[in-house]
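Engineer: My questions will all concern the structure given below.
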Amino acid sequence: MVTSRWITGLGIAVLAGAVAACGTTAPAGDATPTSDPDPTTVTGTPTGSLAPPPEPTAPAGGLPQVLSGTRQVTIVRAEGFESGLSITDDGRLAEVDGDEGRQLFVAVPLQGRLFLIESYQGTGGGAGAGGPVCWRVRDPGDGGSLSVEGAACDAGDPRQRFDIVAGGTGADDIFMISNSSAYLRHSSRSGLILEEQGDGSPTPDGFRFNDNGPAPTS
Numbered sequence: 178m179v180t181s182r183w184i185t186g187l188g189i190a191v192l193a194g195a196v197a198a199c200g201t202t203a204p205a206g207d208a209t210p211t212s213d214p215d216p217t218t219v220t221g222t223p224t225g226s227l228a229p230p231p232e233p234t235a236p237a238g239g240l241p242q243v244l245s246g247t248r249q250v251t252i253v254r255a256e257g258f259e260s261g262l263s264i265t266d267d268g269r270l271a272e273v274d275g276d277e278g279r280q281l282f283v284a285v286p287l288q289g290r291l292f293l294i295e296s297y298q299g300t301g302g303g304a305g306a307g308g309p310v311c312w313r314v315r316d317p318g319d320g321g322s323l324s325v326e327g328a329a330c331d332a333g334d335p336r337q338r339f340d341i342v343a344g345g346t347g348a349d350d351i352f353m354i355s356n357s358s359a360y361l362r363h364s365s366r367s368g369l370i371l372e373e374q375g376d377g378s379p380t381p382d383g384f385r386f387n388d389n390g391p392a393p394t395s
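See the structure below:
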């Protein structure tokens with residue numbers, strides 16, 4: 178896997194030249210001089226300048242663009258930048274180094290800080306394809322760790338309603354993900370798990386949401 182797949186592209190800075198309006202005077206012998214334009218008004222588009230690319234605007238409610246439901250993202254654990262999250266072919270959420278599974282995600286706002294997380298077929302930098310499956314908490318029922326699996330999307334299912342909050346690192350693209358106070362983190366033994374916080378519990382992982390363009394439309 179190429180590491181740069183998981184990193185967003187740099188923006189393009191565009192320089193525009195300043196334009197000053199100049200008055201005109203009538204030639205000698207002309208009895209009716211032309212009026213000067215308002216020196217504070219600039220008309221037209223300067224020749225040779227480039228219009229700046231449109232920048233995404235913050236959605237209503239102050240949510241970051243990557244949490245607006247209008248952008249698709251790849252998700253990378255902040256401490257695991259060489260691997261990206263994927264709903265793999267066997268239906269579980271895991272970190273992968275290749276192109277397997279569903280690696281494009283859309284966080285769809287539900288209420289407050291709760292989101293439905295859709296996953297699409299496709300890899301970093303590509304367009305999501307086909308219908309989505311959604312993250313859902315999986316309880317093995319044997320006392321083992323909670324994990325995340327792919328399932329048919331159902332916004333009314335509490336197991337699919339994930340809390341996404343700023344990661345506390347100062348970076349505006351890193352978030353912590355939880356469901357009913359169980360936080361997503363990496364376990365060296367079990368991979369990605371959900372675990373409630375308690376005394377002595379490891380700190381939840383932060384996850385970087387890398388913008389990969391407009392979300393797929395249904």
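For what it's worth, the numbering used here labels the leading residue of the sequence shown as 178, then goes sequentially.
Quick reminder that beta carbons are idealized off the backbone N, C-alpha and C, glycines included.
Owing to the predicted nature of the structure, the values given are computational and were not obtained by experimental measurement.
May I ask you to report which of helix, strand or coil DSSP gives L244?
Structural biologist: helix
Engineer: What does a CB cutoff of less than 7 Å around A332 pick up in its chain, not counting 5 residues either side in sequence?
Structural biologist: L287 and L293
Engineer: Assess contact between the stretch 327 to 341 and the stretch 368 to 375, defined as three or more Cβ pairs (one per stretch) separated by less than 8 Å. Is contact present?
Structural biologist: no
Engineer: For S322, which residues of its own chain have a beta-carbon under 8 Å away from its beta-carbon, when the five flanking residues on both sides are left out?
Structural biologist: S364, S367, I370, L371 and E372
Engineer: With DSSP run on the structure shown, which of helix, strand or coil describes G377?
Structural biologist: In this structure, G377 counts as coil in the three-state DSSP scheme.
Engineer: At which residue ranges does the stretch 325 to 385 contain complete beta strand (DSSP E) runs of 3 or more residues, listed in the order of the chain?
Structural biologist: Those beta strand (DSSP E) runs which fall completely within the stretch 325 to 385 and span 3+ residues are 339 to 343, 351 to 356, 359 to 364 and 368 to 373.
Engineer: Considering only the alpha carbon of each residue, which of D349, D388, P381 and D266 lies closest to N356?
Structural biologist: P381
Engineer: What is the rounded straight-line gap between the Cα of E259 and the Cα of G275?
Structural biologist: 10 Å
Engineer: Between which residues of its own chain and D266 is the CB-CB distance below 7 Å, once the five residues before and five after are set aside?
Structural biologist: So the list reads E277 and G278, once near-sequence residues are dropped.
Engineer: What's the gap between the Cα of V285 and the Cα of P309?
Structural biologist: 12 Å
Engineer: With DSSP collapsed to three states, give me the class of D266.
Structural biologist: coil
Engineer: Can you check which of these residues, P391, F384 and G375, is closest to S263 by C-alpha distance?
Structural biologist: The shortest Cα separation from S263 among P391, F384 and G375 belongs to F384.
Engineer: From what residue to what residue does the beta strand (DSSP E) around P404 run?
Structural biologist: Shown here, the chain extends from 178 to 395; a query on residue 404 therefore has no answer.
Engineer: Between G268 and A348, what straight-line distance do the alpha-carbon atoms span, to the nearest angstrom?
Structural biologist: 30 Å
Engineer: Between the Cα of G246 and those of S296, A271, P317 and A255, spot the shortest distance and give me the residue it belongs to.
Structural biologist: Nearest of S296, A271, P317 and A255 to G246, Cα basis: S296.
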